[in-house]
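Everything below concerns the one structure shown next.
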Amino acid sequence: MRAGFKLLRTSTFRLAALYLAVFALSVGALLGYVYWNTAVLLERQTDETIRAEVQALADQYRYRGLRGIIDTIQRRSKDDRGSLYLLSDPQGRRVAGNLETMPAEASSEDPWIEFPLDVERGGRIERHVARAFHTKLTGDFELVVGRDVDALRQFAGIMRVTLFYALAIALVLGLGGGLLMSRNFLRRVDAITAASHTIMAGDMGGRMPVSGSGDELDRLALALNQMLDQIQRLMAGMQEVSSNVAHDLKTPLTRVKARVEAALRSGNAGEYKAALEKTVEESDRLLDTFNALLSIARAEAGQARSGLEPIDASQVIADVAELYEPTAEELGGNLQFDVAPDLNVRGDRQLLAQALSNLIDNALKYGAREGQGPEIKVTGRVEGGNVVIAVGDHGEGIAPEDRGRVTERFVRLDSSRARPGNGLGLSLVSGVMKLHDGALVLDDNGPGLLAKLVLPLQRAAS
Ligand SMILES: Nc1ncnc2c1ncn2[C@@H]1O[C@H](COP(=O)(O)OP(=O)(O)O)[C@@H](O)[C@H]1O
Ligand SMILES: [Mg+2]
């Protein structure tokens, strides 16, 4: 019973019922039209014929008198085509016609009468229905002209029954079809619901059933499955990130703890001071890591999107490059920059500056050849509808197979472990680019790394 109610509540069933109603209505209208055009019109035609005949006979009577009408009635009575006549005198006796007696119904006010008629067919008497027009002629003669309408009535009856059954069959078939359709639909919806429940119960590998028909439900199931794939991927990524975070924070904390313990054991004021200084240093690094993680999370979540505004990236690039110029020179290298004017983008000035700083910082750390200072070139120009900010160095570069993973959190290549860093720099750059609908592209600088920030050029910048 409950399943039945559920079925009635489905939108498919409602739709099917609506279609059914429209269908039944049009079938009804069609059959009604056919009925009207045959049975009703035939009956009308009969009435008109009778009326015309009455008119003709009345005319006969008027112009040719009793003799004329009797002649005509006798003549017409002979060719038996279902026509009925009766002319009676003022005493009610039959004067002419093929009806034996005046039907009792003739006494009514209505000139149109219907009465039973016994007809002989192959030796058997059949009771038919006759329809007739009854009128009084001058001199108290009475005239009845009618037709045997039994065949007509039977025909109309058959039409009505046919109409009824046709409608009934259409309704039953339509209803059955609708039920079947919605039952099928419901079963698939139930399957999807069941799948969602197993997934919610913890089976992240579960997927929605797909029938393969490619219909709306299939498309829905496919979309849900894609969503689940992505959720699963994100969850796996998050798990990795959190274990990486835990791991990366454990190492410096362990170091801090060991150093403090050692200082405590020594009982020496000088050691205490050194340990505390180291602890402050280490805490700063930890804070940097946390801040970087938070920035990445914010950038990736797109929260800062509202902070994007039309800015001139040329200025940002020049500012950051100038800031790092002395550092490069201190390291025995140099930093050159070549920036085109009016690099208009929609962006967050501070985040873009941070991203570029991270790239330059990497170039300073990893971009020098053995025994030489870093040689860094920063450029900013428009390329094919994009603003491209590039930082090139002449170090070892990153092998093509590593370019994908260095943007993941905490990933540092083995050759870089000796340098300070937390492996979050490129992750932040990548997150900032995502926020700006741009991309971080790592290329070969032959030799060295060419790191490019590609941002959509904003033409209508103010
Ligand atoms: N300019 C570069 N040349 C060579 N390797 C680089 C360069 N920039 C980044 N890398 C590699 O990518 C890794 C990830 O960079 P990043 O996320 O900035 O972390 P970090 O700078 O803290 O090591 C670095 O550890 C290094 O191995
Ligand atoms: Mg870095």
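The sequence shown begins at 526 in our numbering and counts up by one. Note that the Cβ used here is the ideal one computed from N, Cα and C, for glycine as well.
For this session: Mark residue 958 as exposed unless 16 or more other C-beta atoms lie within 10 angstroms of its C-beta, in which case mark it buried.
Result: With 16 or more Cβ atoms within 10 Å of its Cβ, residue 958 is classed as buried.
For this session: May I have the straight-line CA-CA distance separating residue 684 from residue 694, to the nearest angstrom?
Result: Roughly 15 Å between the two C-alpha positions.
Exercise. Distance, Cα to Cα, residue 690 vs residue 709?
Worked result: Inter-residue distance for residue 690 and residue 709 is about 28 Å (C-alpha atoms, whole angstroms).
Problem set entry | Beta-carbon spacing of residue 821, residue 952 below 8 Å | Going by C-beta atoms, residue 821 is nearer than 8 Å to residue 952.
For this session: State yes or no: is the C-beta of residue 995 nearer than 7 Å to some heavy atom of ligand 2?
Result: Beyond the ends of the chain as shown, which are 526 and 987, falls residue 995; an answer cannot be given.
Exercise. Helix, strand or coil: which one does DSSP assign to residue 921?
Worked result: Coil at residue 921, not helix or strand.
For this session: Take residue 766 as the anchor and find which of 539, 934, 968 and 595 has the nearest alpha-carbon.
Result: Of 539, 934, 968 and 595, the residue nearest in Cα terms is 934.
Problem set entry | Through-space distance from residue 651 to residue 598, alpha-carbon basis | Annotation: residue 598 to residue 651 spans about 24 Å, alpha carbon to alpha carbon.
Exercise. Whose C-alpha, out of 855, 551, 540 and 830, is nearest the C-alpha of residue 874?
Worked result: Ranking 855, 551, 540 and 830 by Cα distance to residue 874 puts 830 first.
Exercise. Given that a residue counts as buried once 16 or more other Cβ atoms are within 10 Å of its Cβ, and exposed if not, what is residue 987?
Worked result: Legend: pLDDT at residue 987 = 48, less than 50; position of this residue unreliable, value from coordinates given subsequently. Its Cβ having fewer than 16 others within 10 Å, residue 987 is exposed.
Problem set entry | Classification of residue 641 by the beta-carbon crowding that lies within 10 angstroms, buried from 16 upward | Counting C-beta atoms within 10 angstroms of its own C-beta, residue 641 has fewer than 16 neighbours from the protein chains shown and is therefore classed as exposed.
Problem set entry | Close beta carbons around residue 870, own chain, < 6 Å, minus the five adjacent residues each side | Once the five neighbours on either side are set aside, the close Cβ partners of residue 870 are 838, 912, 980 and 983.
For this session: Taking the CB atoms as reference points, tell me whether residue 878 and residue 844 lie closer together than 8 Å.
Result: In this structure, residue 878 places its C-beta atom within 8 Å of the C-beta atom of residue 844.
Exercise. DSSP beta-bridge partners for residue 611?
Worked result: In the DSSP output, where bridge partners are listed per residue, residue 611 has 669.
Exercise. Using a threshold of 7 Å, is the CB atom of residue 816 nearer than that to any non-hydrogen atom of ligand 2?
Worked result: With a threshold of 7 Å, the Cβ atom of residue 816 does not count as near ligand 2, since no heavy atom of the ligand is closer than that.
For this session: Compute every distance between the C-beta of residue 946 and the non-hydrogen atoms of ligand 2, then say whether any falls below 7 Å.
Result: At least one heavy atom of ligand 2 is nearer than 7 Å to the Cβ of residue 946, so yes.
Exercise. Which first and last residues belong to the beta strand (DSSP E) in which residue 979 is found?
Worked result: Residues 974-981.
Exercise. Is residue 640 helix, strand or coil when you go by DSSP?
Worked result: Residue 640: strand per DSSP, three-state reduction.
Problem set entry | DSSP-derived helix/strand/coil call for residue 780 | In the three-state reduction of the DSSP assignment, residue 780 falls in the helix class, which pools H, G and I.
For this session: Evaluate contact between the stretch 886-898 and the stretch 841-860, counting only Cβ atoms and requiring at least three cross-stretch pairs below 8 Å.
Result: A contact exists between the stretch 886-898 and the stretch 841-860.
For this session: Kindly indicate which residue of 967, 720, 948 and 629 has the alpha-carbon position closest to the one of residue 928.
Result: Relative to the Cα of residue 928, the nearest Cα in the group 967, 720, 948 and 629 belongs to 967.
Exercise. Taking 7 Å as the cut-off, does the CB of residue 883 come closer than this to any heavy atom belonging to ligand 2?
Worked result: Yes.
Exercise. Cβ-heavy atom distance between residue 1004 and ligand 2 below 7 Å?
Worked result: Lying outside 526 to 987, the shown extent of the chain, residue 1004 is not represented and no answer is given.
For this session: Mind checking who residue 902 pairs with in its DSSP beta bridge?
Result: Note: residue 902 sits in a beta bridge opposite 861 and 917.
Exercise. By how many angstroms is the C-alpha of residue 946 removed from the C-alpha of residue 920?
Worked result: Their backbone Cα atoms lie some 17 Å apart in a straight line.
Exercise. Is it the case that the Cβ atoms of residue 970 and residue 922 are separated by a distance below 8 Å?
Worked result: Between residue 970 and residue 922, the C-beta spacing is below 8 Å.
Exercise. Given a threshold of 16 other Cβ atoms within 10 Å of its Cβ, counted over all protein chains shown, does residue 588 qualify as buried or as exposed?
Worked result: Exposed, because fewer than 16 other Cβ atoms sit within 10 Å of the Cβ of residue 588.
For this session: Just tell me which of 827, 817, 846 and 908 has its CA closest to the CA of residue 868.
Result: Taking only the C-alpha atoms, the option nearest residue 868 is 908.
Problem set entry | Opening and closing residue of the beta strand (DSSP E) in which residue 649 lies | It spans 649-662 - the beta strand (DSSP E) in which residue 649 sits, taken as one unbroken run.
For this session: Within its chain, find whatever has a CB closer than 6 Å to the CB of residue 615; leave out the 5 residues flanking it on each side and keep chain order.
Result: Take residue 615, set aside five residues on each side of it, and the residues of its chain with a beta-carbon closer than 6 Å to its own are 665, in chain order.
Problem set entry | Cβ-Cβ distance between residue 659 and residue 631 below 8 Å | Yes, they are a contact pair.
Exercise. Going by the C-beta, is residue 922 closer than 7 Å to any heavy atom of ligand 1?
Worked result: For residue 922, the Cβ falls inside the 7 Å cut-off from some heavy atom of ligand 1.
Problem set entry | DSSP three-state assignment for residue 726, whether helix, strand or coil | Here residue 726 sits in coil by DSSP.
Problem set entry | Closest Cα partner of residue 638 within the set 657, 718, 569 and 828 | The shortest Cα separation from residue 638 among 657, 718, 569 and 828 belongs to 657.
Problem set entry | Identity of the residue in 593, 814, 542 and 956 nearest residue 698 by Cα | It is 542.
For this session: Report, in whole angstroms, the separation of the C-beta atoms of residue 746 and residue 717, which I expect to be a contact under 8 Å.
Result: Yes, they are in contact, since the Cβ atoms of residue 746 and residue 717 sit about 6 Å apart, within 8 Å.
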